[in-house]
Every structure is written in structure tokens, then in C-alpha cells.
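Undergrad: Pasting a structure here, questions to come.
Residue numbers (our numbering), protein chains in the order written: chain F, 42 to 372; chain C, 42 to 372.
Okay, here's the thing in C-alpha cells:
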């Protein structure tokens with residue numbers, strides 16, 4: 042149940058973990074510095090201080106704390122996770138040729154693609170330095186595996202784009218790569234660094250995995266559903282011809298005439314006035330938006346169930362509530 | 042002394058380390074695979090099998106072997122070093138907007154910039170997985186530090202380009218980043234994995250550092266000096282307005298009229314017919330090419346001296362000879 046007493050779950054998480062997040066922010070500021078190349082902290086600060094929710098480092102801090110960890114390295118791991126996230130944002134914006142992110146100009150627009158590529162590389166390297174400082178080899182394996190899965194998911198998304206034969210299984214693979222891999226690594230390392238028994242570590246992984254998938258499905262759904270409040274423009278994915286879950290579902294149920302429409306607008310890139318409206322009508326006709334919404338809710342329920350297997354605590358319950366918040370935008 | 046009996050030093054190194062290099066090639070092929078994204082091995086194979094000299098992995102194998110290492114992990118480390126190198130090549134070609142490398146079309150031209158960025162990220166992540174498998178935390182520190190230094194050097198090069206106030210000290214910093222950091226890490230980890238005493242590890246680092254600097258200075262010199270044999274077009278750096286050592290030295294000795302010339306062609310990007318010839322005349326007039334050559338020779342001598350502090354062996358002497366080979370192109 043969504044407890045509204047003290048604000049939204051991620052805000053309450055941030056309140057509860059404020060001292061740890063201060064330490065994370067200090068470490069990030071320290072490590073984004075560069076003695077020789079001032080362009081690096083310029084670009085990094087622009088992104089890091091853009092006012093994101095810091096959901097990923099909060100997940101790591103919360104997981105470590107609810108596991109009773111009392112060492113110093115959850116701060117390194119949370120900073121690692123945020124650096125990996127920031128590096129992927131920089132590279133994503135180059136790959137997607139994006140001009141805006143979170144309502145501000147992207148770094149590739151303000152500086153150039155070159156800076157975004159190279160500063161991203163620097164942050165990846167910094168993230169590996171940070172995780173190495175923990176001295177925990179299992180944590181290193183988990184996070185370097187996650188980094189590989191993220192890049193693999195991005196390449197898969199690139200080659201699957203504009204391809205109407207993309208299946209729901211491939212979509213799930215892409216989503217695990219681009220979003221869920223870092224969520225699940227973020228929560229799992231919290232349990233590993235606290236040296237918790239394997240079932241708890243697995244539950245933390247399952248929680249992050251399912252939460253990340255729910256998060257991304259909601260994001261993709263809002264691209265056809267959202268209003269002004271979401272800060273997204275309806276139809277961006279349609280215009281970029283991305284094969285997201287709503288479109289995959291509608292295409293699977295399409296008759297011959299509808300298939301010809303999808304082939305024209307997605308594979309042949311021939312989009313005309315009124316095509317987005319027609320696409321939305323087809324998504325509704327086949328119940329693709331509602332089915333997508335149900336899948337997001339099912340993943341959120343799965344995340345909750347995984348977390349419920351851990352001992353009760355205020356943090357645990359907040360992490361459970363976080364799922365309601367993530368899917369609230371489509372509830 | 043350059044021993045010509047059995048070919049060039051790097052060829053003799055490759056002969057001597059053929060079984061280990063076979064293992065490296067097998068590991069690289071194994072790890073560049075991707076279950077889900079066939080684009081990844083396509084792009085990687087194109088680069089890895091482009092017929093480079095594999096100098097960096099050979100350095101790691103040679104260092105480990107001359108230190109008497111008899112475990113399995115020098116193969117992982119050599120593969121790590123080659124993956125980091127390949128990833129930086131992919132990203133460099135995007136940043137430099139290159140069309141050709143080693144006489145072939147670049148990956149960003151054959152596929153696209155997106156694939157080059159994302160496959161590069163994948164190879165970075167794979168390199169961190171590989172080094173993590175060694176379980177040696179000092180090796181992880183050295184290689185993640187090297188990755189950060191490489192990216193920092195690339196950013197520094199980007200911001201120093203077209204800037205005539207670039208000093209020789211900044212140039213050296215860039216060269217350490219873009220080239221020497223990976224050479225020195227490649228040799229140093231060979232000693233670390235073999236658990237050699239600190240003075241030997243330091244000598245291996247010093248060797249790689251100086252060899253890498255000599256290598257890059259020679260490369261930059263050949264951009265104004267080389268002929269067809271080098272496979273480089275004379276004047277590429279001039280046209281890209283890169284501040285390399287010959288230009289920095291000539292600019293430092295320029296009179297007012299010459300400074301106006303450099304400002305026009307480098308900072309204002311106003312290059313006309315005959316400007317490259319005039320630039321070459323100025324480089325010769327001030328002895329900038331000869332001075333640059335002397336610096337390359339001095340760094341090569343430094344590398345030899347560092348290696349000479351290690352116990353004599355065939356591999357050690359080959360690594361010493363390698364310096365003659367590197368500077369032979371300008372001798």
C-alpha cells in the first residue's frame with residue numbers, strides 16, 4: 042500500500058538515507074574531478090546535478106542498510122552505480138542523437154558528441170576504480186557483468202529497431218539490458234557487501250530485476266499514453282520507429298491491412314500526418330496498451346513478492362512501496 | 042643492437058610467444074561473442090582480425106614470461122589489454138571522424154557511429170570481466186587506473202586541439218594518456234601477476250611508459266616526415282590542426298610573421314594551397330623535426346635502461362631490441 046504520510050516512496054527513501062547520499066554526492070564530486078582535463082567535471086556536473094531522482098544509488102544504499110551492512114563501501118558501490126548510469130546516459134544521447142533530456146539540452150548538444158563519448162569512457166573507468174576499492178571480487182564480477190549486459194542490450198536495441206519481427210522475448214532482453222541489469226546489480230551488491238546468505242542476495246537481485254523491468258515497461262507505455270505530467274512527448278518512440286511492447290503486441294494481432302500500415306511507418310520509415318493517431322487507434326483496438334499495463338503491474342507485483350521474503354523493516358517496506366510509485370503513472 | 046637474424050623484434054616476440062598468443066586469440070574470440078547481439082562479434086572481428094601487430098598483448102605475455110610466471114592469467118591480462126585497445130580504437134574513430142585505419146575502412150564507416158560507441162562499451166565491460174577473473178586486486182587497480190588515464194588523455198587532447206598555447210608538458214600528458222598508459226600497464230601487470238619484487242615491477246612500468254612515449258612521438262613525427270612506407274599520409278595532423286610535438290617546438294621559436302601563419306592555419310582553420318609545404322619549411326628551419334627525433338631516441342634509451350635492470354634473458358633482450366625497431370622508422 043502506498044503510504045502518503047511523508048511524501049512519495051523515493052522521497053522518503055532519500056530522507057531516510059540522507060547522510061549516506063551526502064557521502065555519495067561528496068565521493069562523486071571528488072571522483073569526477075580531473076587534474077588535467079576540466080572538460081570532464083564540466084560535462085559530468087551538468088548531468089549529475091541535473092536533478093535526477095538518484096534512484097539507482099538509493100537502491101544500493103537501501104539494500105546494504107536493510108541487510109545491516111555497517112562498513113564504508115556501500116557509498117563506493119552507490120557512486121559506482123551512478124557513474125555507470127551517467128556514462129550510459131552520455132553514450133545513449135550520442136547514439137539516439139537526442140537533443141533534450143529531463144527538460145534540458147543534452148551534453149552532446151551543449152558540448153559535442155566527442156566530449157560525450159570520451160567523458161562517458163572516463164566515468165566508466167572511474168566506476169571500475171571505485172568498485173575495485175571495495176576489494177570484494179564478487180561485487181566486481183556482478184558489476185562488470187552488469188556493464189556487459191547493458192552494452193549488449195543497447196546493441197541489441199540498435200539492431201532490433203525498425204524490425205517488425207522483434208518478439209516480446211527480444212524486447213524483454215533489451216529491457217533487461219538497458220534498464221533492469223543496473224537495477225538488479227544495484228540491489229544485489231548491497232546484499233553481497235553485507236555478506237548475507239544466498240537466498241537474501243537472490244531476493245535482492247530478483248527485486249531489482251523486476252522493478253527495473255516494470256520501470257522500463259511503464260516508460261515505454263507512457264510514450265503512447267502519457268500526458269504533459271510525464272514530461273514525455275507522446276509518439277517519440279513511434280517517430281524513432283522503436284519496437285516497444287505496445288507496438289509489438291498490436292503488430293502481433295494485426296490483420297493484413299494493419300500489417301501493411303506498420304510496415305510502411307516502421308520499416309519503410311514513411312510516416313505521414315495522422316499516422317500517429319492511427320497507430321494509437323490500433324493500439325487501443327487490440328488492447329495493446331491495457332495488456333502492456335498489466336505486464337508492468339505483474340512485474341511490480343513480482344518485485345514486491347521478492348522483497349517480502351526479506352525480514353520486515355521500514356526500509357524494506359519503502360522498497361515495496363516504491364513499486365506502487367513506479368506503476369502509479371499508469372494506474 | 043638490432044638483431045636481424047630472425048626478423049624484426051616484434052616478429053621474433055610473436056614467434057617466441059606463439060602458443061600463448063594462440064591462447065589469447067582463442068580467449069578473445071570466445072569473449073567477443075554475444076548470445077543476443079550478433080553485431081558485436083561482427084564489428085569486433087573486423088577490428089581484431091585487421092592484422093595489427095598485437096604489440097600490447099605481446100608486451101604483457103613477454104613481461105609475465107620473463108618474470109617466470111607459470112599460471113594461466115597472463116592470457117586473461119593480454120586479452121584484457123587488447124580489448125581495451127580495441128575499444129579505444131572504436132571510440133577514437135568516432136571522435137576523429139576517421140574513414141580509414143590500417144588501410145581499411147573504419148567500423149564507423151562500415152556500420153555506423155552508434156555501433157562503434159556501443160560495441161566499444163561492450164569491449165570495455167568485457168575487459169573488466171576478464172581482469173576480474175584473475176582475482177588479483179592490484180592488477181585490477183593498475184588496469185582501471187590505466188583506463189581512466191586513457192580517457193582523460195583523450196579528453197585533454199580534444200580540448201588542446203587547435204590551441205597554440207599547448208605546451209610540451211601538456212603534449213606529454215596527452216601522449217601518456219592516449220598511448221603510454223596502456224603500454225606501461227601491459228608490462229607492469231606481467232610483473233605483478235608473477236609476484237615479483239617492487240623494483241622489478243617498477244622497471245617494467247618504466248619500460249612500458251618510455252616505450253609508449255617513444256612510439257607515439259615517432260608516430261607524430263612521421264606525420265610530417267614519413268613516406269609511403271609508413272602507411273601514413275603526410276600532413277593529416279596538420280589538416281586536423283593537432284598540436285603535436287614538432288608543431289609545438291616550431292611555434293615556440295616562431296617570429297611574429299610565423300606566429301601569424303600558425304594562428305591562421307591552426308586556430309582560425311584557414312588553410313590554403315601551399316600551407317603544408319610552408320609549415321614543413323618552418324619545422325625544418327627551426328630544427329623541430331630533428332629535435333623531436335632526438336626526444337624519441339631519448340625515450341627509447343630510457344626504456345632500454347629500465348629493461349636492462351632486469352635479469353638477462355632472451356625475452357629481455359628482445360624487449361630491449363624492440364626500442365630500436367620502434368625508432369628505426371625515424372633513424
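Beta carbons are placed, not taken as given, at the ideal position from N, Cα and C, and that holds for glycine.
Give the DSSP-derived three-state secondary structure of residue 345/F in the structure shown.
TA: DSSP, reduced to helix, strand and coil, places residue 345/F within a helical segment of the structure shown.
Undergrad: Would residue 330/F and residue 324/F qualify as a contact pair, given that the criterion is a beta-carbon distance under 8 Å?
TA: yes
Undergrad: Report the option in 276/C, 159/C, 91/C, 343/C whose CA atom is closest to the CA atom of residue 247/C.
TA: 343/C
Undergrad: Closer than 8 Å, CB to CB, is residue 254/C near chain F or not?
TA: With 8 Å as the cut-off, residue 254/C does not count as an interface residue toward chain F.
Undergrad: How would you call residue 45/F, buried or exposed, if buried means at least 16 neighbouring beta carbons within 10 angstroms?
TA: Below a pLDDT of 50, predicted positions are generally treated as unreliable, and residue 45/F, at 49, falls in that range; the measurement from the model is reported next regardless. The residue is exposed, with fewer than 16 neighbouring Cβ atoms inside 10 Å.
Undergrad: Restricting to runs no shorter than 4 residues, where is the alpha helix (DSSP H) found entirely within the region 240-321 of chain F?
TA: 277-280, 286-293, 297-303
Undergrad: Return the CA-CA distance between residue 201/F and residue 214/F, expressed in angstroms with no decimal places.
TA: Looking at the two C-alpha atoms, the distance is approximately 11 Å.
Undergrad: Counting only beta-carbon atoms, is residue 48/F nearer than 8 Å to chain C?
TA: no
Undergrad: Can you tell me which of 103/C, 142/C, 242/C, 79/C puts its alpha carbon nearest to the alpha carbon of residue 60/C?
TA: Here the closest residue by C-alpha is 103/C.
Undergrad: Name the residues in the region 326-338 of chain F whose C-beta lies less than 8 Å from a C-beta of chain C; which are they?
TA: none
Undergrad: Does the beta carbon of residue 282/C come closer than 8 Å to any beta carbon on chain F?
TA: no
Undergrad: Would you please verify whether the beta carbon of residue 43/C is less than 8 Å from any beta carbon of chain F?
TA: Summary for residue 43/C: the model assigns pLDDT 46, below 50, so the residue's position carries little reliability; its value from the coordinates is reported in the next sentence. Taking Cβ atoms only, chain F never reaches closer than 8 Å to residue 43/C, which makes this a no.
Undergrad: From residue 62/C to residue 225/C, what does the alpha carbon distance come to, in whole angstroms?
TA: Put simply, the backbone Cα of residue 62/C is about 19 Å away from that of residue 225/C.
Undergrad: Give me the residue from 74/C, 293/C, 327/C, 89/C with the minimum Cα distance to residue 143/C.
TA: 89/C
Undergrad: Taking only beta carbons into account, state which residues of the region 238-253 of chain F come closer than 9 Å to chain C, listed in chain order.
TA: none
Undergrad: Just to confirm my understanding: we take residue 43/C, look at its own chain, exclude 5 residues before and 5 after, and list those with CB closer than 8 Å. What are they?
TA: With a pLDDT of 46 at residue 43/C, under the threshold of 50, the modelled position of this residue cannot be trusted; read the value that follows with caution. Cβ within range, chain order: 50, 362, 365, 366, 369.
Undergrad: Closer than 7 Å, Cβ to any Cβ of chain C: which residues of the region 110-140 of chain F, in chain order?
TA: 132, 135, 136
Undergrad: Report the residue from 80/C, 160/C, 333/C whose alpha carbon sits nearest the alpha carbon of residue 189/F.
TA: 160/C
Undergrad: Would you list the residues sitting across from residue 94/C in a DSSP beta bridge?
TA: In the DSSP output, where bridge partners are listed per residue, residue 94/C has none listed.
Undergrad: Considering only the alpha carbon of each residue, which of 352/C, 147/C, 240/C, 73/C lies closest to residue 123/C?
TA: For the residues 352/C, 147/C, 240/C, 73/C, the minimum Cα distance to residue 123/C belongs to 73/C.
Undergrad: Residues of chain F with CB closer than 8 Å to the CB of residue 51/C, please, in chain order.
TA: Residues of chain F passing the Cβ test: none, with the nearest at roughly 28 Å.
Undergrad: Quick check on residue 155/F - is its C-beta less than 8 Å from some C-beta in chain C?
TA: yes
Undergrad: So residue 135/C and residue 158/C are in contact, right, with Cβ under 8 Å, and what is the actual spacing, rounded?
TA: With 8 Å as the limit, residue 135/C and residue 158/C qualify as a contact, their Cβ atoms being about 6 Å apart.
Undergrad: According to DSSP, simplified to helix, strand and coil, what is residue 145/C?
TA: strand
Undergrad: Is the Cβ of residue 68/C closer than 8 Å to any Cβ of chain F?
TA: no
Undergrad: Could one say the Cβ of residue 61/F lies closer than 8 Å to chain C's Cβ atoms, at least one of them?
TA: no
Undergrad: Do you know how far the Cα of residue 205/C is from the Cα of residue 309/C?
TA: 11 Å
Undergrad: Determine the burial state of residue 11/F: buried for a count of at least 16 other Cβ atoms within 10 Å of its Cβ, exposed for fewer.
TA: A question about residue 11/F goes unanswered here, because the residues of chain F that appear run from 42 up to 372.
Undergrad: How is residue 365/F classed by DSSP in three states: helix, strand or coil?
TA: helix
Undergrad: For the alpha helix (DSSP H) containing residue 230/F, list its first residue and its last residue.
TA: 222-234
Undergrad: Since residue 178/C meets chain F, which of its residues come closer than 7 Å, beta carbon to beta carbon?
TA: 173, 176
Undergrad: Are there 16 or more other CB atoms within 10 angstroms of the CB of residue 146/F, so buried, or fewer, so exposed?
TA: exposed
Undergrad: Give the secondary structure of residue 153/C by DSSP, where H, G and I count as helix, E and B as strand, and everything else as coil.
TA: coil
Undergrad: Counting C-beta neighbours from all protein chains within 10 Å, is the total for residue 183/F 16 or more, i.e. buried, or is it exposed?
TA: Buried: at least 16 other Cβ atoms inside 10 Å.
Undergrad: Is DSSP giving residue 185/F helix, strand or coil here?
TA: helix
Undergrad: Under 9 Å between beta-carbons, which chain F residues line up against residue 80/C? List them in chain order, please.
TA: Per Cβ cutoff of 9 Å: 196, 197, 199, 200.
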